[in-house]
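These notes are about the structure you will find just below.
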Amino acid sequence: MTEAGISDEIKAMIGTMTEPSIMEVERGAIRRFADAIGDPNPLYKDIEYAKNSRYGEMVCPIGFFGWPIKGGGLEQMMGMIMPAMIKAGLFRILDGGVDYEFFIPIHAGDTLTSYGKVADIREREGKSGKMLFITMEQTYLNQNGDKAAVARATIIAR
Amino acid sequence: MTQEGSIITDEMKALIGVEGSPTVFEVETGAIKMFAEAIDDPNPLWQDEDYAKKTKYGGIIAPPVFLCSPRAGIGKGVQMKSPFFRVLAGGDELEYLKPIRLGDTITAVGKIAEYNEREGKRGKMLFTIIETTFKNQHDEVVVIGRSTYISY
Amino acid sequence: MAEKQIYYEDVEVGSEVTPIAKVASTLMLVKWAGASGDFNPLHFDDNFAATQGTGGIIVHGALKRSWLGHLISAWAGDEGYVKKFSCQYRGMDYPRRMASMMDPAEGETWWCKGAVTNKYVEDDQHVVECEIWVENGQGEKTTPGSATVILPSKKAKK
Amino acid sequence: MARQLYYEDVEVGMDIPPLVKQPTTKQLVQWAGASGDYYELHYDKDFAQAQGFPNVVVHGKLKFGLLGQLLTDWIGEEGSIKKLGCSYRGIDHPGENLVCKGKATNKYVADGEHIVECEIWAENSKGEKTTPGNATVTLPSRG
């Protein structure tokens, strides 16, 4: 693997952050979510049950990040990176998947602030030529400023 | 007494006025937004807090037909009886007493208000009118809905 | 949850994550669109899907991801905690059509499954790593993934 | 928003500015999500065809929602709706034009309120009123 092949323009984007976006977590959104995926857990629909649980309020299901909680400026980051990639002749984009890491539960009524960061850009020589692995990190903070979750999305460009 | 030839039985009449199980619905930003987007109604009164503050309402309110949905509980929880199998929604009527405000918790309770029968092209038809009363968290009636269901 | 809480001591490497069956009906896809806010017509409009080369309307990847979220959070129980979670979208899935108002037509049922791949204690946390996946009626893993779960320990229980 | 409408601006027989809509399959799915009405007739084409319809059908209550917009657009922020109702008489399909229209049928002052009664409806491209209804609104007065 060689780092030399990445243009300075692309390399300079590592560490770039997006504007924060703000989302409110509503009970109705959690209910619609649980109903849609067929998850009968009362933590997602029954306020009384949730209040008596160790969470004290309805909580977000695991799959809640990505959809409907988007944010984090994924599109904004892509918008910043794309022109440089196109210039480098890397048009084909593959979704390399998203990893989630959770730190504290997110409750209905929480206000999440998220921001995105271009965490890493690596170059690899694949069978069909040069490939770029771009890792974009989205961090979600709750209203107390505590880190609630981090999503790491990888985009492969070739 | 059941009238001669009437399809409305005493058993059905006994259901008039019996209140159904309540539906509780929170008027949240997301719910109003979904509604406004579904009918493609860009009125800032439904979504823009800064704008809505300056109006006579002093804050975001819901569009007029907002509570006319199964999610908000219109016509829900009411035991219906009909000699016929097929049911059509015939129409809805809403009466407004108070604005529906963002943040309200609305409790809907329905009941059968009346029956009517009519002779249609394909025989008898039963019109069941369900009245749904929507109250806010201050126990004020905000909307009364009258929904007509036609079975035939 | 009404189900019995699982403890760290209950699982071994190779233990099965309690499977969950899902039926991706057109009804579920429409509910998901509403819950997620993803209204791409590829997931509900036959005429549109016919122009996209997918062979018909397809199940949202994020819906399958959320099923896996259901699988792992239901298994971890109220006392457990999902720490890390990821999955990849490898294959397309087609929803079941509805034969009547209540029942989907004959066709496949999807299974969300998983197995424990590792267990260890770290920083006083009882960590269990799992491989998870969604498989279609032909047994193909269309959505493989992994999860890291913190489980309660019987030893810590008084 | 548009200029505020006043009671004095309204004459019996005058038209409410029409609202042209063309519900899409996306809107029907959005409506299902917003209303919780998940009846397959409104999004599953195979299901709709099995029921004898050429395509999926626009929810009646969605059309009612459009009539609500017709009125709120017309009466402005100072106006209020007292009553609003409609009947579901005909079927509409997504992708087809649906024009919401109305006219003032009566106006009077009662208990200090300036009241206007209207006939409202949604009509299809053939001019058929698939969703006729009525509304009672109050408007501010210049007097």
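Protein chains in written order, with this note's numbering: chain D, 34 to 191; chain V, 2 to 153; chain R, 4 to 161; chain W, 797 to 939. Beta carbons are placed, not taken as given, at the ideal position from N, Cα and C, and that holds for glycine.
When Cβ-Cβ separations below 7 angstroms define contact, Arg-99/R makes no contact with chain W.
Residue pairing of Phe-88/R in beta bridges, as defined by DSSP: Tyr-133/D, Ala-150/R. Per DSSP, the continuous alpha helix (DSSP H) segment holding Asn-50/R begins and ends at 49 to 52. Between the alpha carbons of Ala-37/V and Thr-30/V lies a gap of roughly 11 angstroms. Cβ neighbours of Leu-824/W within its own chain (closer than 8 angstroms, five residues either side excluded): His-838, Tyr-839, Val-852, Val-854, His-855, Leu-858, Pro-890. Residue pairing by DSSP puts Lys-136/V in a beta bridge opposite Thr-108/V, Val-142/V. Comparing C-alpha distances from Phe-51/R to each of Ser-831/W, Ala-844/W, Thr-820/W shows the shortest one belongs to Thr-820/W. The beta carbon of Ile-139/D lies closer than 8 angstroms to those of Val-58, Val-92, Cys-93, Phe-97, Leu-145, Tyr-173, Asn-175, Ala-181, Ala-182 in the same chain, with the five residues before and after it left out. Separation of the CB atoms of Ile-43/D and Ala-121/D is rounded to 7 angstroms, and the pair is thereby assigned contact status at 8 angstroms. Taken through DSSP and simplified to helix, strand or coil, Leu-95/V comes out as strand. The three-state secondary structure of Lys-14/V, taken from DSSP, is helix. By the rule that beta-carbons nearer than 7 angstroms mark a contact, Val-853/W does not touch chain R. Identification of chain R residues near Ala-830/W by a Cβ-Cβ cut-off of 8 angstroms yields Gly-37, ordered along the chain.
When DSSP reads this structure, Cys-914/W sits in a beta bridge with Ala-900/W, Ala-931/W.
The residue among Phe-135/V, Asp-105/V, Thr-129/V, Glu-115/V with its C-alpha nearest the C-alpha of Val-88/V is Thr-129/V.
Contact annotation: in the region 52 to 70 of chain R, residues whose CB is within less than 7 angstroms of a CB in chain D are Ala-65, Leu-66, Arg-68, Ser-69, Trp-70. A residue is called buried when at least 16 other Cβ atoms come within 10 angstroms of its Cβ; His-63/R meets this threshold and is buried.
Ala-38/R is not a Cβ neighbour of Arg-60/D, given a cutoff of 7 angstroms.
Your pair Pro-71/V and Gly-832/W checks out as a contact, with CB atoms roughly 4 angstroms apart and the cut at 8 angstroms.
Interface flag for Pro-44/R against chain W is set, since a Cβ pair is found closer than 7 angstroms. For the pair Met-111/D and Gly-149/D, the Cα-to-Cα distance works out to about 11 angstroms.
An exposed status is given to Asn-117/V, since fewer than 16 other beta-carbon atoms sit within 10 Å of its beta-carbon.
For Glu-158/D, no alpha helix (DSSP H) segment is defined; the enclosing uninterrupted segment is the beta strand (DSSP E) at 144 to 159.
Within the same chain, Cβ atoms closer than 6 angstroms to the Cβ of Glu-94/V are found at Arg-147, the five residues on either side in sequence being excluded.
Under DSSP, Asp-811/W forms a beta bridge with Lys-899/W. Against chain R, the beta carbon of Lys-859/W has no neighbour under 9 angstroms; the closest one sits roughly 19 angstroms away. Per DSSP, Thr-49/D lies in no alpha helix (DSSP H) segment and is marked neither H nor E. Proximity of Ala-62/D to chain V, defined by a Cβ-Cβ separation below 7 angstroms, is satisfied. Taken through DSSP and simplified to helix, strand or coil, Met-113/D comes out as helix. When the beta-carbon positions are compared, Leu-935/W and Gly-875/W come within less than 7 angstroms of each other. By the CB criterion at 7 angstroms, Ala-67/D and Tyr-82/D fall outside the cutoff. With fewer than 16 neighbouring CB atoms inside 10 Å of its own CB, Glu-141/V falls in the exposed class. Taking a Cβ-Cβ threshold of 8 angstroms, none of the residues of chain V is close to Glu-156/D; the smallest such distance is about 41 angstroms. Contact with chain R is absent for Lys-903/W, since none of that chain's Cβ atoms lies less than 7 angstroms from the residue's Cβ. Within the region 809 to 829 of chain W, the residues whose Cβ lies closer than 7 angstroms to any Cβ of chain R are, in chain order, Thr-821, Lys-822, Val-825, Gln-826, Ala-828, Gly-829.
Bridge pairing for Trp-114/R: Ala-24/R, Glu-138/R [DSSP].
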